[in-house]
Structures are given as structure tokens and as C-alpha cells.
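Asks: Order-wise, the sequence lines are chains F and V.
The C-terminal residue of the first sequence carries number 259 in our numbering, and the numbering is unbroken.
The C-terminal residue of the second sequence carries number 1232 in our numbering, and the numbering is unbroken.
Where is the CB? At the ideal position from N, CA and C, for every residue including glycine.
Okay, here's the structure, questions in a sec.
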Amino acid sequence: MKMKKPKKELTIDQKIKRRNFLSFTVFGAFIAGTYGGWKWLYNSPEETAGITGGVRKPLRRALNKTELFFRRLAFSENHLVKTYPKSMAAKVVRHNTDIGSEGKLPPEKWKLQVKKKSGEVLQITLDELRALPKTEIVYDFKCVEGWDQISHWGGVKFTDFIEHFKLHDEAKLDYVGFETPDKQYYVGIDMPSALHPQTLLAYEVNEQPLPGKYGQPLRLIIPVKYGIKNLKRIGSITFSNTRPHDYWAEQGYDYYSGL
Amino acid sequence: MKVIKEKHPLVMRWTHWVNFPILAIMIWSGMLIYWANDEYSITLFGHTFVRFFPDWFYNTLHIPSRLAEGMAFHFLFMWFFTLNGIFYILYTILSGEWRQLLPNRHSFKEAWLVLLHDLHIRKTSPPQNKYNAAQRIAYTAIIVMGIGSVITGLAIYKPVQFYWLTWLCGGYHLARIWHFVLTIGYVLFFVIHIVQVILAGWNNFRSVVSGFEVIDEKPKPVIQTSNEDEKA
């Protein structure tokens, strides 16, 4: 048989058949590829537990990269969180968990420990903090779960705190770590967010000293982060260039968790 | 005589099918997030008509206690959803396909006729080019909804850094509700879309895979009059 290709034009039916065959082959491959890709992602191994944990490896990479992208694109300490009049603040402040801040702490037993770069540890009393200028904020507190509530807090601006205790060298590092006195709860905050002008070391809610379960005697209020980063009952503060350990980042949440 | 009539360009077909799994994953991961605080319901005069969602629904789909996982998926696939959408919109603008898609001044009147026809109330079918009036409105609306999802999504993702978007959406609370309502909208769109695709039949479905429809054309008289408008 001669294999010379006849130059005859295809009939309509042949054309239809040919195009259908091609398209549906590609379509089938697309479906198979999508299914395979999904299977791969869904069954991909979990990251090795460390500073962060609990997320499939590729998803953690995506979380980190996405956060970096948005930080570089949009974060500015000039972007202030919207504030409200005091009258709009909730009388009963919502409370989710008290890991690391259960019950009431005898005030005489508490001192804020600040580990300086030199190795020196500052022991700061609540009265020393109360003597500093007080800053108040009424803003919409946002929980990672999806709820939000306007609440009213008072305390020392973190930048005032840095200034007063001469922690300038420490503030040049990349991260701040906060821990409860019993070390049950801990968060890591990137320095730009910590130095945001609305970040407070709060000792008051609704103009009253913090009650036990709201983080008595001193808690972090950082409006540019979800509630999970707003650690209750600060026991110690550390500074570092590497990410400090973080309770919820170990449980699969984004490390940055910024708003 | 059978004739091949080109219908959907390659880019439109790809973006359509790529969007399907992405949107499915976005809705699913969105539900994983929503479950953590499932507070939305439709309540009128003190009576709750719909609560999103009943427990059996959550349990069947294994939704509970997967907030972190939901966020991880949501914040990855949002990229694909957005990029695919941008690609489609750019293509539609640059190729001129928007002329077949956007509703024109007749569309809103004609869309009623399409509806009446589809519900078998009216016998004669309204003009059907590539898309009929109701399709123009629906397919344009779904793109606008997509843009809405991205904007409201960003507004609740970074309400401080994108405070102007949050403001535009009417605040954090409202942005979240819009984001949720749009998702319900996709689900309703999907249901109607599937019914319509089934009713329209194989020829129509195939055109979204292979790009063309096969139509029967009567043999033309020898002296042919211009047939240009049929290609429109």
C-alpha cells in the first residue's frame, strides 16, 4: 500500500471527530492531573515540628511566602487600627481561653522579666509600669475564629516601654518573644509589629485593673495581630533575631497572623 | 448539512475548567474557617429561618475543628483563584470577547423573555447568539461576584493594612458577611448552571470542552446573501 498522504480535505465528520478526540483527551488528562495534584497536596507530609508545626509542608511554605508578600506590599506602622469612642466598647469582654493565665496571680509574686542582650535581666514591677505615661485604645479586637469585639484597653505603649528601659539595642533585633510566668503560653512577634504605635503592654480593661482571666496583671494588646498573638499575663520578654517559639504556630496557624 | 460553528475560545475553556476545582477548594476551605464561628443565620421578626449550617452537614463533610487547615488551604488557593480570574478578564477585554458577554441595552428586557421561555410560559425563544440575554447577565454577574470575593476577602484578610478596602466594604463585619453571601451565591449559581447545562444538551456541553458546536445549516442558494451577522 502506498503511504503517500492524499491531500484530500477532511470531511466535516472527520474534522468533528478529530477535534473531539483531541479536546476530550486533553480534558481527561486535565481531570486526571487535577485529581492527582489534589491527592498529592492533600496527602503531602506534615512539616517537622519546630517553631511552626501541624501543617502540610507545601502549605506551610505557601503561608510563609504569602505573609512575606503581604508584609512587604502593605505593612506600614502608619497604618493605624481604627479606633472607636469609649461608649462603644463592650462591657463584658469576650474570653476564649486562659492557657497560662488561669486564676488570679498574687500581685506580690509577679515581676516582669526582660532579658537584655547583655544577659542582664530586668525585674520590673507593675508600679514602675503604671508610673509611665498611660495609653488607651478602643478598637475592634479580632479573633482568628472570625469573631470581633470592640474593647477598651489601657497600659504602656510598647515603644514607650522600650524608650524608658533603654532597650534600643534589643529593638534592633528582628523578633520579640513573650511568655506567661508558667511558660504554658508563648508568642513570637516580628519587631515592626511590636513597635507599631498601637501596641500596648496593657494593665487595664474598661478602666479597671485586668481581672484574673483577662491576663492579670499585664497582657499584650497588639491590634495589628489576631487575638492568638495577644498573650495574657506576660511573665517574660525576650529579644532575638530568630523566631521565638509560638503556641499557635506550633498548632498549624500562620506564624505572622497579622492584620 | 452539518457545519462546525466556533463557539468558545481556548482561553475561556481553560479558565472555566481551571476555576472549577479552585472554587470548590475555596468554598470547602472557607467552610472549615467559617465553622470556627458559625454565627450567621437568617432571622426575621425573631424567627430564625435558616442557620448556616446544621450539625449533620458539618459532620458529614468532616468540617469541625479544622480552622488552621482551612486557612492554610484558603490562603494558597486564593492566589490561583485571583490569577485565573485576572487572566480571564484580561483575555476577555483584549480579545473583544466582552462584546458577546456583557449585557447590552436589550439584555435586561430580553432576559425576562428567556426566563419565561425556560419556564415554558412563553413559546417563542428569544434571540440566542453566543449567549442569550439571561446568560449575558448571569456570566457577567459571576465575574463581578468573583471580583467581589477577592475584594471582600482582602478586606478581612488584612483589615489594617488594606483599611481602605475594609472601609469600602462597609467595615470588617459587613465585609465578612458579603464574603459569605457571595459564596452562597456561587452555590446557587452552580445549581442553576448544572440544570441548564443538562437541559441544553451535549452539543452545548461539548463546546465548553472542544470549543465548537455542530449545527445543521440548510444548503445555501447559489447566489449567497451576506451572512455576516450570523457569526456575531
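From lysine 232 of chain F to isoleucine 1086 of chain V, what distance separates their C-alpha atoms?
Replies: Counting from one through the first sequence, the residue named residue 232 of chain F turns up at place 232. Counting from one through the second sequence, the residue named residue 1086 of chain V turns up at place 86. In a straight line, the C-alpha of lysine 232 of chain F is about 43 Å away from that of isoleucine 1086 of chain V.
Asks: CA-CA distance, histidine 245 of chain F and tryptophan 40 of chain F?
Replies: By one-based count along the first sequence, residue 245 of chain F stands at place 245. By one-based count along the first sequence, residue 40 of chain F stands at place 40. Rounded to whole angstroms, histidine 245 of chain F to tryptophan 40 of chain F spans 29 Å at the Cα level.
Asks: Does any CB atom of chain F fall closer than 7 Å to the CB of tyrosine 1186 of chain V?
Replies: What you label residue 1186 of chain V is simply residue 186 of the second sequence in a count that begins at 1. So, not an interface residue.
Asks: Please confirm if the region 1068–1081 of chain V is in contact with the region 1012–1026 of chain V, defined as three or more CB-CB distances below 8 Å between the two stretches.
Replies: yes
Asks: Less than 7 Å between CB atoms is the rule here; does lysine 1123 of chain V satisfy it with respect to chain F?
Replies: Within the second sequence, the letter at position 123 stands for residue 1123 of chain V. Not an interface residue.
Asks: Any residues in the region 3–30 of chain F with a beta carbon nearer than 8 Å to a beta carbon of chain V? Which ones, in chain order?
Replies: So the close ones are Ile12, Asp13, Lys15, Ile16, Arg19, Asn20, Leu22, Ser23, Phe24, Phe27 and Phe30.
Asks: Taking 7 Å as the CB-CB cut-off, is aspartate 1216 of chain V touching chain F?
Replies: In the second sequence, residue 1216 of chain V corresponds to position 216, counting from 1. So, not an interface residue.
Asks: Mind checking the region 83–98 of chain F against chain V and listing, in chain order, the residues whose C-beta falls within less than 9 Å of any C-beta there?
Replies: none
Asks: Quick test of your reading: isoleucine 124 of chain F and tyrosine 185 of chain F, contact by CB under 8 Å. State the CB separation rounded to the nearest angstrom.
Replies: Position 124 of the first sequence, counting from 1, holds the residue named residue 124 of chain F. Position 185 of the first sequence, counting from 1, holds the residue named residue 185 of chain F. Isoleucine 124 of chain F to tyrosine 185 of chain F, Cβ: 20 Å. No contact.
Asks: Taking Cβ positions only, does valine 1114 of chain V come closer than 7 Å to chain F?
Replies: In the second sequence, the residue the question calls residue 1114 of chain V occupies position 114. Not closer than 7 Å to any Cβ of chain F, the Cβ of valine 1114 of chain V fails to qualify, so no.
Asks: Would you call the CB atoms of histidine 79 of chain F and valine 1160 of chain V closer than 7 Å?
Replies: As a position in the first sequence, residue 79 of chain F is number 79, starting the count at 1. As a position in the second sequence, residue 1160 of chain V is number 160, starting the count at 1. Yes, the Cβ-Cβ distance between histidine 79 of chain F and valine 1160 of chain V is below 7 Å.
Asks: Any beta carbon from chain F within less than 7 Å of tyrosine 1058 of chain V's own beta carbon?
Replies: Numbered from its first residue, the second sequence carries residue 1058 of chain V at position 58. No, tyrosine 1058 of chain V does not count as interfacial toward chain F.
Asks: From tyrosine 203 of chain F to tyrosine 139 of chain F, what does the alpha carbon distance come to, in whole angstroms?
Replies: Stepping through the first sequence from its first residue, residue 203 of chain F is reached at position 203. Stepping through the first sequence from its first residue, residue 139 of chain F is reached at position 139. Rounded to the nearest angstrom, the two C-alpha atoms are 16 Å apart.
Asks: Looking only at C-alpha atoms, which of F/Leu210, F/Lys115, F/Val121 and F/Lys82 sits nearest to valine 224 of chain F?
Replies: As a working mapping, residue 224 of chain F is identified with position 224 in the first sequence. Valine 224 of chain F has its Cα closest to that of F/Lys82, out of F/Leu210, F/Lys115, F/Val121 and F/Lys82.
Asks: Can you look up tryptophan 147 of chain F in the DSSP assignment and give me helix, strand or coil?
Replies: As a position in the first sequence, residue 147 of chain F is number 147, starting the count at 1. Residue state, collapsed to three classes: coil.
Asks: Are the Cβ atoms of glutamate 1213 of chain V and lysine 1002 of chain V separated by less than 7 Å?
Replies: For this step, residue 1213 of chain V is matched to residue 213 along the second sequence. For this step, residue 1002 of chain V is matched to residue 2 along the second sequence. It is not a contact, given that the beta carbons lie outside the stated cut-off.
Asks: Does the region 114–131 of chain F come within contact of the region 150–167 of chain F, defined as at least 3 CB pairs closer than 8 Å?
Replies: The answer is yes - the region 150–167 of chain F touches the region 114–131 of chain F, with three or more Cβ pairs under 8 Å.
Asks: Under three-state DSSP, which class holds glutamine 184 of chain F?
Replies: As a working note, residue 184 of chain F is residue 184 in the first sequence. Glutamine 184 of chain F falls in the coil class under three-state DSSP.
Asks: According to the Cβ coordinates, are leucine 1182 of chain V and tyrosine 1139 of chain V closer than 7 Å?
Replies: Residue mapping note: residue 1182 of chain V aligns to position 182 of the second sequence, counting from 1. Residue mapping note: residue 1139 of chain V aligns to position 139 of the second sequence, counting from 1. In terms of Cβ geometry, leucine 1182 of chain V and tyrosine 1139 of chain V do not form a close pair [threshold 7 Å].
Asks: Output yes if chain V places a C-beta closer than 7 Å to the C-beta of tyrosine 247 of chain F; else output no.
Replies: To locate residue 247 of chain F, count along the first sequence from 1; it is residue 247. Not one chain V Cβ lies under 7 Å of tyrosine 247 of chain F.
Asks: Taking glycine 1211 of chain V as the query, report the chain F residues whose CB atoms sit under 9 Å from its CB, ordered along the chain.
Replies: For the purposes of this step, residue 1211 of chain V is taken as the residue at position 211 of the second sequence. The contacting residues are Arg19 and Ser23.
Asks: Give me the DSSP bridge partner(s) of lysine 15 of chain F.
Replies: Within the first sequence, the letter at position 15 stands for residue 15 of chain F. Bridge partners of lysine 15 of chain F: none, in fact.
Asks: DSSP three-state call for glutamate 170 of chain F: helix, strand or coil?
Replies: In the first sequence, counting from the first residue as 1, residue 170 of chain F sits at position 170. Glutamate 170 of chain F falls in the helix class under three-state DSSP.
Asks: Taking the alpha-carbon of glycine 1096 of chain V as reference, which of V/Ile1151, V/Val1150, V/Glu1110 and V/Val1011 has the nearest alpha-carbon?
Replies: If you number the second sequence from 1, residue 1096 of chain V lands on position 96. Checking every option, the nearest Cα to that of glycine 1096 of chain V belongs to V/Val1011.
Asks: Could you check whether leucine 126 of chain F and glycine 155 of chain F sit closer than 7 Å to each other, using their CB atoms as the reference points?
Replies: As a working mapping, residue 155 of chain F is identified with position 155 in the first sequence. As a working mapping, residue 126 of chain F is identified with position 126 in the first sequence. Cβ atoms of glycine 155 of chain F and leucine 126 of chain F: not closer than 7 Å.
Asks: Would asparagine 1037 of chain V pass as an interface residue toward chain F - the criterion being a Cβ-Cβ separation below 7 Å?
Replies: Within the second sequence, residue 1037 of chain V is the residue found at index 37, counting from 1. At least one chain F Cβ lies under 7 Å of asparagine 1037 of chain V.
Asks: Does DSSP put glutamine 198 of chain F in a helix, a strand or coil?
Replies: Within the first sequence, numbered from 1, the residue matching residue 198 of chain F stands at position 198. It is coil, neither helix nor strand.
Asks: Per DSSP, what kind of secondary structure is valine 1011 of chain V in: helix, strand or coil?
Replies: If you number the second sequence from 1, residue 1011 of chain V lands on position 11. The answer is helix: DSSP assigns valine 1011 of chain V an H, G or I state.
Asks: Enumerate in chain order the residues of its own chain whose CB-to-CB distance from arginine 60 of chain F is below 8 Å, with the five nearest sequence positions on each side excluded.
Replies: Here residue 60 of chain F refers to the residue found at position 60 when the first sequence is read from its first residue. Counting only Cβ-Cβ distances below 8 Å, and skipping sequence neighbours, we find Glu47 and Thr52.
Asks: Buried or exposed: which applies to threonine 1152 of chain V, given that a residue is buried once 16 or more other Cβ atoms fall within 10 Å of its Cβ?
Replies: The sequence position of residue 1152 of chain V within the second sequence is 152, counting from 1. The residue in question, threonine 1152 of chain V, is buried, as its Cβ has 16 or more Cβ neighbours within 10 Å.
Asks: In whole angstroms, what is the alpha-carbon distance linking arginine 1235 of chain V and valine 205 of chain F?
Replies: Outside the displayed range of chain V (1001 to 1232) lies residue 1235 of chain V, so it cannot be described from this structure.
Asks: Going along the chain, which residues of the region 150–176 of chain F sit with their C-beta nearer than 9 Å to a C-beta in chain V?
Replies: Hits within the stretch: zero.
Asks: If you drop the 5 nearest sequence neighbours on each side, which residues of the same chain put their C-beta closer than 6 Å to that of tyrosine 247 of chain F?
Replies: Sequence index remark: in the first sequence, residue 247 of chain F carries index 247 (1-based). Taken in chain order, the residues that qualify are Tyr185 and Tyr186.
Asks: Looking at the strands, I want to know which residues DSSP matches up with phenylalanine 239 of chain F.
Replies: Taking the first sequence and counting its residues from 1, one reaches residue 239 of chain F at position 239. Phenylalanine 239 of chain F pairs with F/Val176.
Asks: Just to confirm, is the Cβ distance from valine 1114 of chain V to alanine 1141 of chain V under 7 Å?
Replies: Against the second sequence, residue 1114 of chain V aligns to sequence position 114. Against the second sequence, residue 1141 of chain V aligns to sequence position 141. No.
Asks: Taking the Cβ atom as the reference point for each residue, do lysine 157 of chain F and threonine 135 of chain F lie within a distance shorter than 7 Å?
Replies: As a working mapping, residue 157 of chain F is identified with position 157 in the first sequence. As a working mapping, residue 135 of chain F is identified with position 135 in the first sequence. Cβ distance < 7 Å, so lysine 157 of chain F and threonine 135 of chain F count as in contact.
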